[in-house]
Each structure stands twice: as structure tokens, then as C-alpha cells.
Ligand SMILES: [Ca+2]
Ligand SMILES: [Ca+2]
Ligand SMILES: [Ca+2]
């Protein structure tokens with residue numbers, strides 16, 4: 040019986056060779072875990088060793104491979120579509136593309152352009168039949184994908200988003216309340232913004248209108264109406280915790296040396312509250328339980344103290360530069376790994392002492408009872424020894440981390456132009 044099954048599976052494998060052009064739907068009727076028996080370990084395909092597996096270190100039992108290479112235009116944020124395929128923004132190319140793996144060999148089959156001509160597309164997320172795209176000064180959406188994989192034309196959702204001055208990435212996620220949240224970083228390193236929208240997380244209805252329970256829903260200044268939370272210098276990513284809380288990261292300011300301010304990795308965001316910047320920051324590195332302290336470069340506004348700011352509950356060394364992050368999904372990683380938070384650190388360009396050069400890596404933030412209790416390096420090796428991330432010798436810099444439907448990890452790399460796939464295969 041076992042022998043028969045193996046012959047059957049091997050026949051399916053042979054049949055599947057050379058079928059790259061058959062429609063996705065036809066392929067989906069094939070068993071999806073055992074067709075590629077020769078390459079499969081623990082039910083998940085593992086391509087042969089490559090340049091990434093030779094230089095990037097991951098924990099024992101994990102394997103990293105290049106999923107897609109030669110992606111121009113700074114690959115940044117990723118999401119998995121309702122079709123199970125990976126979508127990614129190519130920020131400086133103005134495109135959103137799909138990287139399907141229809142033959143399920145663990146390698147992207149090609150690059151399919153879904154949208155183009157967008158100014159600085161960054162955050163992307165599917166919601167209620169649409170792909171939403173947050174870009175420089177707007178959110179747009181497209182209906183789809185239809186069964187042929189196609190999308191409708193782009194339509195404007197809202198342009199009540201600050202223009203891309205300074206920090207230009209715009210990140211979008213839909214909350215458990217069915218609202219659309221968009222983060223926008225500051226225009227400057229440290230300053231008092233004149234436009235109320237930079238350095239905030241904004242909240243909209245999915246059609247771009249303003250929820251009636253927003254703190255400034257009826258403000259005469261229309262720019263204030265989407266504001267949800269502020270004092271967030273550059274929250275490149277945010278998500279909802281296992282307990283349903285909104286967590287954002289935040290890239291701290293420059294100019295206070297190699298060690299200050301600590302990088303705020305997990306900020307439990309609260310509506311209608313400041314989270315510190317530009318006046319205050321969370322002290323300490325690691326698990327913290329302390330009020331924010333003064334950044335004395337700016338005078339406090341009247342009626343505000345650092346005790347009024349919501350502090351981070353987990354921080355990292357200054358200039359670590361957290362970008363995309365996601366909590367693991369079950370299916371592939373061992374149970375002790377598959378409930379933790381994984382964060383792409385872009386690494387530092389702005390530290391001076393070699394020992395303080397912050398690595399470009401993927402960090403595992405260990406969660407217990409739904410809260411961070413510590414962290415460790417999960418994937419490292421992109422920079423050369425004693426060189427800064429961003430140096431010409433750097434192989435790449437992680438920009439986003441997401442998990443696929445089988446629990447495998449994808450890492451985007453906006454310096455190397457790649458997406459990597461990490462699986463546990465012991
Ligand atoms: Ca493939
Ligand atoms: Ca803060
Ligand atoms: Ca994310």
C-alpha cells in the first residue's frame with residue numbers, strides 16, 4: 040500500500056513537471072502537500088541550497104532559501120492574498136506585484152504586475168474583496184482577484200494622508216473592529232509638526248470616510264478627523280496582539296548618540312493618546328515597565344508631561360530600525376516558535392562605534408501570556424563583519440516579515456531585491 044502510494048505520488052510529480060502554465064484552479068485540485076515528494080520535508084517544499092542558505096544563519100532545524108530574486112524597486116511590505124499567493128509592494132518602482140508559487144516548489148514562478156504608476160506604494164492588505172494599497176499621500180483599492188487573477192482599476196479611498204515628506208512609508212492594516220488603520224511617520228527627525236497627520240496612526244472606515252467615534256471626528260480641520268493615536272515618530276508597522284491590543288513599533292530619533300533613545304518595538308497604542316515623540320521616549324532596553332522620560336531638545340507643550348505618554352513595553356537598542364513585523368502562524372514552525380512576534384530590523388547607518396552597529400536581521404520577540412518577555416536573533420548574516428547595514432558590501436536588509444498559509448515565513452529585502460522563505464524541516 041505504501042509502495043503504491045509512493046508510485047502514485049511520484050507519477051503525480053512527473054505529471055506536474057512542465058505544467059507551469061496550466062491555470063491555478065486546475066492545479067489546486069491536486070494534493071498540495073505530497074506531489075513534490077523528492078523535495079518535501081515534513082510536508083513543505085524545500086528548494087536546493089542557495090546563496091542565502093550559505094550565508095544567512097537561522098536556528099537549528101530551520102532552512103532559509105531565496106523565494107524570489109532580482110526584484111527591482113525596493114521590495115517592502117507583503118501580504119498573502121485570498122488566492123494564497125504572496126503580494127508585495129515595490130516601493131520605488133511604484134508597483135505592487137504578485138509572486139505566485141503555483142507549482143508549489145518553494146520558489147516564486149515569476150513576477151506578475153498587479154498595479155503600477157503608484158507614488159511610493161508601501162502597505163498592502165486584502166479586505167472584503169479589495170486589495171488596499173497605502174502610498175505616499177493616499178490609500179487606493181482594487182477589487183479582486185477574480186478567478187483569472189485579475190483586478191479592477193485603482194480607485195481612491197482617501198487622500199486625507201500627509202504628503203510623503205521625510206518618512207514616506209505608509210502602512211495599512213484592518214483592525215478587529217473592521218476599521219482601516221494607516222500609519223504615517225514624521226516629516227523630520229525631531230520637530231513640532233504643523234500638519235496634524237504625520238507621526239500618527241489614523242483610522243478610517245473601509246470606504247475612506249471618518250468613523251463617528253474617532254477623537255476628532257467632527258473637527259473643523261478635516262486633517263485632524265482621521266487621527267487615532269500620535270507621538271509615533273515612525274511606526275512602520277503595527278498589528279493586533281494575541282489579546283486584541285493594537286501594537287505598533289516606532290523608529291526613534293537621531294542625534295542623541297549611539298544608545299538613545301531606545302528603539303520602541305512594542306508600543307501598546309491607545310486611542311486619543313500621545314506615545315511620546317517628539318518630547319519623550321521609553322527608557323531602558325528589553326522588557327520595560329517605566330514611564331517615558333524627557334527628550335530635552337524640545338520644551339514640553341503646556342499641560343503635557345511625559346507621564347501622559349503611553350510607553351513601550353518592549354524596546355531594543357537605539358537605531359535597530361524595526362520595520363515590518365508579524366506574529367507567527369501555526370502550520371510549520373515548532374510550537375515554541377509559532378506564537379512569537381518576528382520583526383525585521385533594518386539595522387543602523389547612524390551609530391558610530393563598531394560595537395554599536397545594529398545588525399540587519401530578523402528578531403524573534405518571545406511572547407508569553409500574550410506579552411513580550413525577551414528576544415533573540417532569528418535570522419542574521421546580511422552584512423559583512425564590522426560593516427554597517429547599508430554599506431555597499433551588505434548582501435541585503437530585511438524589510439518585512441510575514442507568514443504564509445502553511446506557516447512558512449517570508450522575509451522581504453529592500454536592499455538585495457529579494458524575498459526569502461524560511462521553513463522548519465527537521
Ligand atoms: Ca514555483
Ligand atoms: Ca514613546
Ligand atoms: Ca506586518
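In my numbering, the protein residues as written are 40 to 465.
Built from N, CA and C at the ideal position, the CB exists for glycine as well.
Every beta strand (DSSP E) stretch that sits fully inside the stretch 69 to 144 and reaches 3 residues is listed by chain position as 101 to 107, 114 to 119, 125 to 129 and 134 to 138.
Residue 156 places its beta carbon 7 Å or farther from that of residue 85. In this structure, the C-beta of residue 314 approaches ligand 2 to less than 6 Å from one of its heavy atoms.
Relative to the non-hydrogen atoms of ligand 3, the Cβ of residue 363 comes within a distance shorter than 6 Å of at least one.
Residue pairing by DSSP puts residue 241 in a beta bridge opposite 221 and 266. Remark: the C-beta of residue 233 is outside contact range of ligand 2, defined as less than 6 Å to any heavy atom. Per DSSP, reduced to three states, the secondary structure at residue 319 is strand.
In this structure, residue 203 and residue 241 do not form a Cβ contact; the two beta carbons are roughly 15 Å apart against a cut-off of 8 Å.
Annotation for residue 321 indicates a beta carbon within 6 Å of some heavy atom of ligand 2. The criterion of a C-beta distance shorter than 7 Å is satisfied by residue 442 and residue 368.
Unbroken beta strand (DSSP E) stretches of 3 residues or longer found wholly inside the stretch 316 to 401: 353 to 355, 361 to 366 and 380 to 384, given in chain order. Under the DSSP assignment, residue 452 falls in the beta strand (DSSP E) whose first and last residues are 448 to 452. Nearest to residue 171 by alpha-carbon distance, out of 213, 139 and 148, is 213. Relative to the Cα of residue 196, the nearest Cα in the group 291, 178 and 216 belongs to 178.
Judged by DSSP in its simplified three-state form, residue 418 adopts strand. The distance from the Cβ of residue 276 to that of residue 357 is about 18 Å, inconsistent with a contact at the 8 Å cut-off. Nearest in C-alpha terms to residue 209, of all of 437, 161 and 249, is 161. Under the three-state reduction of DSSP output, residue 438 falls in the strand class.
Annotation for residue 250: no beta strand (DSSP E) segment contains it, and DSSP assigns it neither H nor E. In this structure, residue 144 has its CB at a distance of at least 6 Å from all heavy atoms of ligand 3. If you check the CB distance, residue 311 and residue 290 do not come in under 7 Å.
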